[in-house]
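For reference, the structure discussed in these notes is given below.
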Amino acid sequence: MAENHYENPPLTISKIGIIGAGVSGIAAAKQLYHHNPVVFEASDSIGGVWRTCAYNSTKLQSARKSYEFSDFPWPHRDDPSFPTHVEVVNYLESYAKHFDVLKFVKFNSKVMELRFVGQQGTTELGGNGGAFGSPLPGHPVWQIAVQTNGSQNLQWYAFEFVVVCIGKYGDIPKIPSFPHNKGPEMFQGEVLHSIDYCKLDKDAASQLLKGKKVAVIGYKKSAIDLAVECAEANQGPEGQPYTMVVRTLHWAVPHYSVWGLPFFLFYSTRASQFLHEKPNQSFLRTMLCYLLSPLRRGVSKFIESYLLWKLPLQKYGLKPDHPFEEDYASCQMVIMPENFFTEADKGNIVFKRSSNWWFWKEGIEFDDNTKMKADVVILATGYDGKKKLKTILPDPFRSLIEYHPSGIMPLYRGTIHPQITNMAFVGYIESVANLHTSELRSMWLARYVDEKFKLPSAENMLEQIYKEMEVSRRITRFYKRHCISTFSINHGDEICEEMGWNSWRKRSWFAEAFSPYGSQDYRCKN
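Under our numbering, think of the first position of the sequence shown as 773, with each following residue one higher.
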């Protein structure tokens, strides 16, 4: 945390401050436009992880119309190809310019510290029911210290309400822990995290990989995309095979079609989500879910059968032990690049399964007592979003970030922490379409700030959060990711009801039951 340069720093006072100008930040700024928010962005452009954590080959993992704002369709939205990260950034910039959001953004402005200056920062449980006061009380509640253009001096701002949109990804890498004398310091080669690789231009990335023995730790989207880049950089007689060190397997799909049927039929319609448990369901609905559980497992097996037929997962020992449903319910399903297994068949990508590993001077050693030599080791081990939050939040708020024993950040409607007043968090709950998820919660947040509805008591909000956590825990072993993909429509229904909207958004009963829900269904018609 930055040291305060002033006992009583000079302040720039405004109503609403937004931290971060990624997808969530610009969505929140657009919805709160009438309050003239101040948006702090640490980099020199909007886009968030699409700008700072993308490889040269990174693409969106869904069709354009599944990743768009409700009131700003993609150009050529029916194009079935997946947009590149450059196209995604261009789309976000077009959105921000169209709605004149950029005028609110202060670029190269890194938030170093938050200070609470209100009367009561944490809402006590019990007593008066843990009630929240007005979101805009008419006086500053939070102060924010900002470092501009790398200056050593901090500029202080004061706000009635703060929206945190720095997300769970990027900025702070999650680095594995190692036994004594078995960490990166023992390795004679080069070790970097995937976030460091993202900062390389195409020529520098090629120079790092070409002709080198490269090992990448991980088997999620960043590791899989990196595998293809490494394989392409190592073509020819001097090329070296690239090794993926796989700790936990997850299901990957080649495209959004299963045995000729569109993928949305299985999880993204009301009819399909009716098979899945949801929070606040009645006893009758609980019994129906139990009776329909064989059908739900059958859907998962049906998809698995296609993936095992279409992809050489068993050939390479990449078939997960858990059902497909568990990866979908935890937002860990990834789209496999077209040429991934083509490169594996050529021998350019090889796989090593290992739960534990560490460094030795010439490479990596595994828990089966085998060793592999390497020139470069890239850690595609994810990011520490909670640590990123804790670096700027003061006490006692840091201790409230994790809900024990689950470790999940407790957010009502994925937005409001029941024990932190005058603050919201957008972009911390996951679904299969995170842009849509952030936009809908920004709409809800704007109406809350405008006092179009009141929040429940802190106890009732925590009870709702706990119900969602329990549903996720019963569905998937990876529940700590706080993903709502199997009950996303129900989540949207409850948000609509609080905003005073009709929760059924389609034009006919048939469409309501069997067509997928997306951002266009939640376009505000007021």
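No residue lacks a Cβ here, since even glycine has one placed at the ideal position from N, Cα and C.
- The beta carbons of residue 969 and residue 1150 sit closer together than 7 Å.
- In this structure, the beta-carbon distance from residue 985 to residue 1145 falls below 7 Å.
- Sixteen is the threshold: when 16 or more other Cβ atoms of the shown chains lie within 10 Å of the Cβ of residue 961, as they do, the residue is buried.
- With a cut-off of 8 Å on Cβ pairs, the segment 935-950 is not in contact with the segment 834-846, counting fewer than three such pairs.
- Less than 7 Å separates the beta-carbon of residue 1047 from that of residue 1064.
- If you look at residue 1266, you'll find it in the alpha helix (DSSP H) that goes 1260-1271.
- Secondary structure at residue 1185: coil, using DSSP grouped into helix, strand and coil.
- Per DSSP, residue 865 is not a residue of any beta strand (DSSP E); the alpha helix (DSSP H) it occupies stretches across 857-870.
- About 10 Å separates the Cβ atoms of residue 1132 and residue 1138, ruling out a contact at the 8 Å cut-off.
- In the same chain as residue 1275, and ignoring 5 residues on each side of it, the C-beta atoms closer than 8 Å to its own belong to 1264, 1265, 1266, 1268 and 1269, in chain order.
- Residue 879 has its alpha-carbon roughly 11 Å from the corresponding atom of residue 810.
- Within the DSSP bridge table, the entry for residue 882 names 919 as partners.
- Rounded to whole angstroms, residue 1243 and residue 1052 show a C-alpha spacing of 10 Å.
- As DSSP reads the structure, residue 1135 sits in a beta bridge with 1132 and 1145.
- For residue 1208, the enclosing alpha helix (DSSP H) stretches over residues 1206-1221.
- In this structure, DSSP gives residue 1048 a state outside helix and strand, which the three-state scheme calls coil.
- Distance check between residue 852 and each of 824, 833 and 1193 places 833 closest, using alpha-carbon atoms only.
- The segment 909-929 makes contact with the segment 872-891; the number of CB pairs closer than 8 Å reaches 3 or more.
- Contact between the segment 1244-1252 and the segment 1100-1117 is present: three or more C-beta pairs spanning the two stretches fall below 8 Å.
- Per the coordinates, the alpha-carbon of residue 905 lies some 12 Å from the alpha-carbon of residue 913.
- The straight-line gap separating the alpha-carbon atoms of residue 1153 and residue 989 is approximately 7 Å.
- If you check the CB distance, residue 1204 and residue 1257 come in under 7 Å.
- By the criterion of a C-beta distance shorter than 6 Å, residue 1124 is surrounded in its chain by 1015 and 1017, once the five residues flanking it on both sides are discounted.
- Spanning the alpha carbons of residue 864 and residue 877 requires a straight line of approximately 14 Å.
- Of the candidates 788, 941 and 1175, 941 places its Cα closest to the Cα of residue 1200.
- Counting along the chain, no beta strand (DSSP E) covers residue 1227, and no H or E run does either.
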